[in-house]
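Numbering (this note's numbering), first residue to last: 7 to 626.
Below is one structure, written out as structure tokens; comments come after it.
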């Protein structure tokens, strides 16, 4: 029996349009016979052969109308209420057309007959299509493979959930079986969405998961504040179940043949509890429009995102500078694919340590704005390679500052770091020197030199999050340096948006400090990532504390005590007050540092950095 059923379904699928027409053909003619029988008040109609002309008109009218309404172009397994209404309207119109043509042909029947015919044919068309959809749904739910499907709880009872359920029930190969929904709208609790009941509120997620044997949670609320999203995800984390998310309903609709393709794992940014920050180019982007813009380190995580957002402005010309050809090539190709000839784009493979090459570039291009993102930033590596940190971060930056001043750059934006505040490592000390050089150069130059300081960036090259994710994939252990270590986090697009905004606010000499939100405990971050991946921290996946790395702090600071803070018109950006210093003594020490770095003596470099940066307390 099952084999016959499958054969019929295969035939139906292959010749779907003709099979549907044939079924409708049977419905029309059956409706004609039943209407005639009711009209004549007899179960068995005699002389039915005498109505061949009426039957012919009937089939012609119904065929023309149904094909005109393109009912056979629809995929009925995806049909919604509107589609069923459309089918019913088609049947009514066909019945009316049959009535009109029959009158004109002199084959008119009674009004009672046409009324009954319209009712039966419409119901028949409805019922056939409902049964077709219901069969597909029941086939998925009662499939032998149902025991192999993951029992799913869906968070949210809105439009996105309806779309998700429709996709799940329409694909027998999907991995999931929705068993319950939760929603904080009290009016929805107790009701059903496509046969799945809303069992309670989000606060009841742990109990509902236990009651229904849930194996995976799908977060399906698209429009929600970041704070509320974090609250709900924290509740989900208590279940130790895998949590997946639908970030945008369009990803469900356009994802292809599987709902699993539209669902993604929870990302750390989902846990930050902060609304996204977006650069307002209309308010702050005037200094970029129609300008020649240079992005150093343009192939890096921050630099490439700067290029992406600047390309939208658009600039007169965008120049990507990087010493690493592969990363520069990747962002070049990405922008070319997206903008083509609409973006004037150049790529320069130059090290910022080569001043002669920089001179030629600045002289040739007449650069208006510089975003300086090229730097050595990995703390442990720079502890072992102090001379390279100094050469690249300090003197590479000095080369750029001098070129910008000499060739009349309008604005120079230095990308700094919270590690420059009371630095405890070589990298942080070199970046603090860069800030000091930026502020000193601004005093004597027509160029507006500014620095932007922020903390850890999620997903940037070398960040801890990709490491945690890889460790979770291999079932651990997840390595955390210290149980009490905390960090500020921001997404790459957020950081770059604030950098661009700070550039728009610049008057010269400022150190802009970005609002990083609340700091995050790395231990808690690791535990949540493990939980939301469907594992129990410390049981399924161990967490190992490996000790602070050379030069690493337990917590980072965004301001030095003596800098104070000043608000800007942007709620997310503040200004640290410049610190007075002896400019001549500072640059004399810089030149001494150049000689020390050339010799490569670690102790000498360390001592010189401590002299230049009084707040540098080295933790080797």
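Positions of the beta carbon are idealized from the N, C-alpha and C atoms, including for glycine.
Original post:
In whole angstroms, what is the alpha-carbon distance linking residue 550 and residue 579?
Top reply: As a position in the chain shown, residue 550 is number 544, starting the count at 1. As a position in the chain shown, residue 579 is number 573, starting the count at 1. Distance between the alpha carbons of residue 550 and residue 579: 36 Å.
Original post:
Are the beta-carbon atoms of residue 211 and residue 188 separated by less than 9 Å?
Top reply: The sequence position of residue 211 within the chain shown is 205, counting from 1. The sequence position of residue 188 within the chain shown is 182, counting from 1. Going by C-beta atoms, residue 211 is nearer than 9 Å to residue 188.
Original post:
residue 435 lies in the alpha helix (DSSP H); which residues open and close that run?
Top reply: For the purposes of this step, residue 435 is taken as residue 429 along the chain shown, with counting starting at 1. Residue 435 -> alpha helix (DSSP H) spans 432-450.
**OP:** Taking residue 71 as the reference, give the member of 62, 609, 95 and 60 with the closest Cα.
**Re:** Residue 71 sits at position 65 when you count from the first residue of the chain shown. For residue 71, the closest alpha carbon among the candidates 62, 609, 95 and 60 is that of 95.
Subject >> Local Cβ density within 10 Å of residue 116, reported as buried at 16 or more and exposed below that >> reply: Residue numbering aside, residue 116 sits at position 110 when the chain shown is read from its first letter. Counting Cβ neighbours within 10 Å, residue 116 comes out exposed, since fewer than 16 surround it.
Original post:
What residue does the alpha helix (DSSP H) around residue 510 start on, and which one ends it?
Top reply: On the chain shown, position 504 is the one that residue 510 refers to. Start and end: 498-511.
Subject >> DSSP-derived helix/strand/coil call for residue 539 >> reply: To locate residue 539, count along the chain shown from 1; it is residue 533. Strand, per DSSP.
Original post:
What are the partner residues of residue 550, as DSSP defines its beta bridges?
Top reply: The residue you call residue 550 lines up with position 544 of the chain shown. Paired residue(s): 485.
Original post:
At least one CB of chain D closer than 9 Å to the CB of residue 248: is that the case?
Top reply: Chain labels in this structure do not include chain D; a single protein chain is all it has.
**OP:** Report yes if the CB atom of residue 136 is closer than 9 Å to the CB atom of residue 40, and no otherwise.
**Re:** Numbered from 1 along the chain shown, position 130 holds the residue referred to as residue 136. Numbered from 1 along the chain shown, position 34 holds the residue referred to as residue 40. Cβ atoms of residue 136 and residue 40: not closer than 9 Å.
Original post:
Which same chain residues, not among the five before or five after residue 568, have their C-beta less than 7 Å away from its C-beta?
Top reply: As a working mapping, residue 568 is identified with position 562 in the chain shown. Confidence at residue 568 is low in this model, with a pLDDT of 47, below 50, so the placement of that residue should be treated as unreliable; the coordinate-derived value is given next. For residue 568, where only same-chain residues beyond five positions count, the Cβ hits under 7 Å are 585.
**OP:** Locate the beta strand (DSSP E) running through residue 324, then write down its first and last residues.
**Re:** As a first step, residue 324 must be located in the chain shown, where it is residue number 318. For residue 324, the enclosing beta strand (DSSP E) starts and ends at 323-328.
Original post:
Nearest to residue 104 by alpha carbon, out of 131, 66, 74 and 78?
Top reply: For the purposes of this step, residue 104 is identified with residue 98 of the chain shown, where counting begins at 1. Of 131, 66, 74 and 78, the residue nearest in Cα terms is 66.
Original post:
Are residue 472 and residue 311 touching if we call contact CB-CB under 9 Å?
Top reply: In the chain shown, the residue the question calls residue 472 occupies position 466. In the chain shown, the residue the question calls residue 311 occupies position 305. Going by C-beta atoms, residue 472 is not nearer than 9 Å to residue 311.
Original post:
Secondary structure at residue 57, three-state DSSP: helix, strand or coil?
Top reply: Along the chain shown, one-based indexing puts residue 57 at 51. Of the three classes helix, strand and coil, the one that applies to residue 57 here is helix, per DSSP.
Original post:
Sorted by chain position, which residues of the same chain lie with C-beta nearer than 6 Å to residue 23's C-beta, five sequence neighbours on each side aside?
Top reply: Start at 1 with the first residue of the chain shown, and residue 23 comes out as number 17. Correct list, in chain order: 78.
**OP:** Taking all protein chains shown into account, decide if residue 378 is buried (16 or more other Cβ within 10 angstroms of its Cβ) or exposed.
**Re:** Counting from 1 along the chain shown, the entry for residue 378 is found at position 372. Residue 378 should be labelled buried.
Original post:
Going along the chain, which residues of its own chain have a beta-carbon closer than 8 Å to the beta-carbon of residue 302, five neighbours each way excluded?
Top reply: If you number the chain shown from 1, residue 302 lands on position 296. These residues qualify, in order along the chain: 309, 327, 328, 358, 376, 377, 378, 379, 380 and 406.
Original post:
What residues in its chain sit with their C-beta under 8 Å from that of residue 131, if we drop five residues either side in the sequence?
Top reply: What you label residue 131 is simply residue 125 of the chain shown in a count that begins at 1. For residue 131, where only same-chain residues beyond five positions count, the Cβ hits under 8 Å are 30, 33, 93, 94, 96 and 97.
Subject >> Where residue 306 sits in the DSSP three-state scheme >> reply: Within the chain shown, residue 306 is the residue found at index 300, counting from 1. Reduced to three states, the DSSP call for residue 306 is coil.
Subject >> Closest Cα partner of residue 339 within the set 185, 599 and 305 >> reply: Here residue 339 refers to the residue found at position 333 of the chain shown. Closest option to residue 339, Cα to Cα, is 305.
Original post:
Taking the C-alpha atoms as reference points, what is the distance between residue 337 and residue 317?
Top reply: What you label residue 337 is simply residue 331 of the chain shown in a count that begins at 1. What you label residue 317 is simply residue 311 of the chain shown in a count that begins at 1. Residue 337 and residue 317: Cα-Cα distance of roughly 11 Å.
Original post:
Who are residue 462's beta bridge partners in DSSP?
Top reply: By 1-based counting over the chain shown, the position of residue 462 is 456. Beta-bridge pairing links residue 462 to 495.
Original post:
DSSP state of residue 356, grouped into three classes?
Top reply: On the chain shown, residue 356 is found 350 positions in, with the first residue counted as 1. It is coil, neither helix nor strand.
**OP:** Kindly identify the DSSP beta-bridge partner or partners of residue 199.
**Re:** Residue numbering aside, residue 199 sits at position 193 when the chain shown is read from its first letter. In the DSSP assignment, the residues bridged to residue 199 are 202.
Original post:
Assuming residue 611 and residue 396 make a contact with CB atoms under 8 Å, what is their CB distance in whole Å?
Top reply: As a working note, residue 611 is residue 605 in the chain shown. As a working note, residue 396 is residue 390 in the chain shown. Confirmed, Cβ separation roughly 6 Å.
Original post:
To which residues of the same chain is residue 511 closer than 8 Å at the C-beta, ignoring the five residues directly before and after it?
Top reply: Within the chain shown, the letter at position 505 stands for residue 511. Closer than 8 Å at Cβ, skipping near neighbours: 290, 518, 574, 575, 576 and 579.
Original post:
residue 496 and residue 540 look like a contact to me (Cβ under 8 Å); what is the Cβ gap, rounded to whole Å?
Top reply: In the chain shown, counting from the first residue as 1, residue 496 sits at position 490. In the chain shown, counting from the first residue as 1, residue 540 sits at position 534. Going by Cβ atoms, the distance from residue 496 to residue 540 rounds to 27 Å, so no, they are not a contact pair.
Subject >> residue 230 versus 475, 162, 527 and 193, residue with shortest Cα-Cα distance >> reply: Position 224 of the chain shown, counted from the first residue, corresponds to residue 230. Ranking the options by Cα distance to residue 230, first place goes to 162.
**OP:** Please say whether residue 491 and residue 528 have beta carbons closer to each other than 9 Å?
**Re:** For the purposes of this step, residue 528 is taken as residue 522 along the chain shown, with counting starting at 1. For the purposes of this step, residue 491 is taken as residue 485 along the chain shown, with counting starting at 1. In this structure, residue 491 lies closer than 9 Å to residue 528 by Cβ.
**OP:** Assuming residue 614 contacts residue 602 (C-beta within less than 8 Å), just tell me the rounded distance between them.
**Re:** For the purposes of this step, residue 614 is taken as the residue at position 608 of the chain shown. For the purposes of this step, residue 602 is taken as the residue at position 596 of the chain shown. Contact flag correct, Cβ pair sits at about 5 Å.
Original post:
Can you tell me the Cα-Cα spacing of residue 264 and residue 181, whole angstroms?
Top reply: The residue you call residue 264 lines up with position 258 of the chain shown. The residue you call residue 181 lines up with position 175 of the chain shown. Confidence is the limiting factor: at residue 264 the pLDDT is only 49, short of 50, which leaves the residue's position unreliable, though a coordinate-based value still follows. Taking the straight line from one Cα to the other gives about 9 Å.
Subject >> Sheet register partners of residue 248 (DSSP bridge) >> reply: Translated into the one-based positions of the chain shown, residue 248 becomes position 242. According to DSSP, which records beta bridges pairwise, residue 248 is partnered with 222 and 539.
Original post:
In terms of residue numbering, what span does the alpha helix (DSSP H) encompassing residue 2 cover?
Top reply: Outside the shown range of the chain (7 to 626) lies residue 2, about which nothing can therefore be said.
Subject >> Euclidean distance between Cα positions of residue 487 and residue 164 >> reply: Position 481 of the chain shown, counting from 1, holds the residue named residue 487. Position 158 of the chain shown, counting from 1, holds the residue named residue 164. Using only the alpha carbons, I get a separation of about 42 Å.
Original post:
In three-state terms, what does DSSP make of residue 576?
Top reply: Reading the chain shown from its first residue, position 570 is the one you call residue 576. Three-state DSSP puts residue 576 in coil, outside helix and strand.
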